[in-house]
Each structure stands twice: as C-alpha cells, then as structure tokens.
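This report refers to the structure that appears directly beneath it.
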Amino acid sequence: MENKLICLDTSVLIDYYRKKNKAKSLFYQLTERYMLFSVSAISEYEIYMGSTEIQNIFWNEFFDKITIFPFDSKTAQIAVKIQQNLKRANKVVDIPDLLIAATAIRNNLPLATLNRKHFERIDGLQIIM
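Here the sequence shown is numbered in this note's numbering, starting from 4 and rising by one per residue.
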C-alpha cells in the first residue's frame, strides 16, 4: 500500500456516498492502494452545499479524517494560468473543477476523479482513475 497523499475530486466523494455497496466505489478501490487522502476546500464547499443536516454528520466525520487544502493566493495564480491556457485552446472547464485542479497542482498531488473529460484538459495534472 502506498504511503502517498492523493487528492480526491468531488465526483469521487459523491460516488462513495451514494453507492449502497461501498466496495464498488472508486474511493473504496483507492483505499486498497493508498493510505492518505485529501481534498480541496472547493470540494468541501461543493459537498456541504448539496448536503442535508443528516448527511452533514457523515461528511463531518469523513472530512475529519483527511487533509483539506485551502484555496490560497498561490493556488489562485495557478488557476489563472490554467484558465488562460484553456481559453486559448477553447477547452474551458467549470470553475470548481479548475480550482480543484489548481489545488492538486499547487500541492503536487495526483487527482482521483470520475470526471476525466474535464480534468484531462489540464496540463500538468496527474489523474488517477
């Protein structure tokens, strides 16, 4: 099992929460290969924006066990460069995805996602599926 920190995209979290059989989720499969997990504060925001008070109990416990990286000034500068490159290539992605990718790049982390279509457009981002 690798002792390497990886960043989880919101899609991985939602998939894990929704699956009745957790063993069929990407997150569960990742736990068989990796020990350390993180998310961007952007993913934390997205999760809480879509959750109920009852669901928040689950998410509070989940987020207490992993690292949450803030969106800081250096991450913002990385996001600006990514956005400029994507605009030039006419391959713009949703802003939350852009900010999550910038967080992963800023912290030199691979990103686990179920949304390969958007994230594969971003140069310098290592994607785990």
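Even for Gly, the Cβ is constructed at its ideal location relative to N, Cα and C.
Apart from the 5 residues on each side of it in sequence, Asn110 sits with its Cβ closer than 6 Å to the Cβ of Phe72 in its chain, given in chain order. Of Thr13, Ala82 and Glu123, the smallest CA-CA separation from Ser43 is found for Thr13. Counting C-beta pairs with one atom in each stretch, the region 76–87 and the region 46–66 have fewer than three that are closer than 8 Å, which means they do not touch. Annotation: Thr116 to Lys90 spans about 22 Å, alpha carbon to alpha carbon. DSSP places Lys22 in the coil class of the three-state scheme, outside both helix and strand. Glu47 and Asn24 have their C-alpha atoms spaced approximately 23 Å apart. Asp75 is classed as exposed because its beta carbon has fewer than 16 other beta carbons within 10 Å across all chains shown. Assignment of beta strand (DSSP E) within the region 50–78, counting only whole runs of 3 or more residues, yields 70–72 in chain order.
Going by C-alpha positions, Ile60 is about 11 Å away from Asp67. Judged by DSSP in its simplified three-state form, Ile9 adopts strand. Relative to the Cα of Thr106, the nearest Cα in the group Ile17, Val15, Glu64 and Leu128 belongs to Leu128.
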